Structure formats: structure tokens, C-alpha cells
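In full-length UniProt numbering, the protein residues as written are 1 to 128.
Some notes on the structure that comes next.
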């Protein structure tokens, strides 16, 4: 995992999703996969790929006359960075206000509540 968090925009995350699904990929494969569903221009997609490369979120390996792109961080690492950032910025770094917010503003189904209960039980057992 990179030493410091890598900020990935929503648009850049679409490129990362493709690479997390299958890597390495060429820029042509990435462009072809994103043109239709996003409506972006080829230049936009290549710019996003270039930004990710510059940030160190993606690595490029020369393969003849083309480059193969692969992610340098996993989806799980990115999710950890993003969730930590959200907690810090919006909820003062605390998880309980986030859960209170969701319980008050979002419908939590029985399955969600059961999963949370199971998670809390596991945390309590671990802390004993």
C-alpha cells in the first residue's frame, strides 16, 4: 500500500474499477470499456488514466509499443482510505455518529441490523 493516501476522484474511480476487475489492461481496452457507459471522450479517459499514473494509483509497464496498466492499491486499501477520510471529515473520526446518522436518515433493514449486531458481538469478544 502506498505510504500516504491517494485521493481518487469519482471519475478516476471508474477507471480503477476496471483495473480492479481485470489487470493489466491497455489504454485502448480501458477507453473501449468506458466510452459507451460514461459518454466520455477518449481524451477524457486518457487524461484520467494519466492522472492516476501521476498519483501512483496505477503503474504502467511497457509491452512492445504499448503500455499495460495495473492498480498499485487494492480496492480494499482504497475503501479503507476513503472511509477513514469520510469519518475524519464528517464525523470527527468517530464511527458511532455515522451509525446514528444512518439509523436516523436511512432505512436499515433487518438484515443490516443483524449484520451490525454480529459485528458488534465480534468486536466485544475480541476486546475481552
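Glycine is no exception: its CB is placed at the ideal position from the N, C-alpha and C atoms.
Only a predicted model underlies this, so the values are computations on that prediction, with no experimental measurement involved.
Query	Result
Go to residue 24, then tell me how far its alpha helix (DSSP H) extends in each direction, as first and last residue.	Premise fails: residue 24 is in no alpha helix (DSSP H) and is neither H nor E.
Measuring only the C-alpha atoms, how far is residue 1 from residue 8?	In this prediction, residue 1 scores a pLDDT of 49, lower than 50, which makes its location untrustworthy; no coordinate-derived value is stated.
Hey, how far is the Cα of residue 102 from the Cα of residue 108?	8 Å
Please identify the residue among 37, 10, 33 and 41 whose C-alpha is closest to the C-alpha of residue 21.	33
For the structure I just gave you, are there three or more beta carbon pairs, one from the segment 67-76 and one from the segment 23-30, closer than 8 Å?	yes
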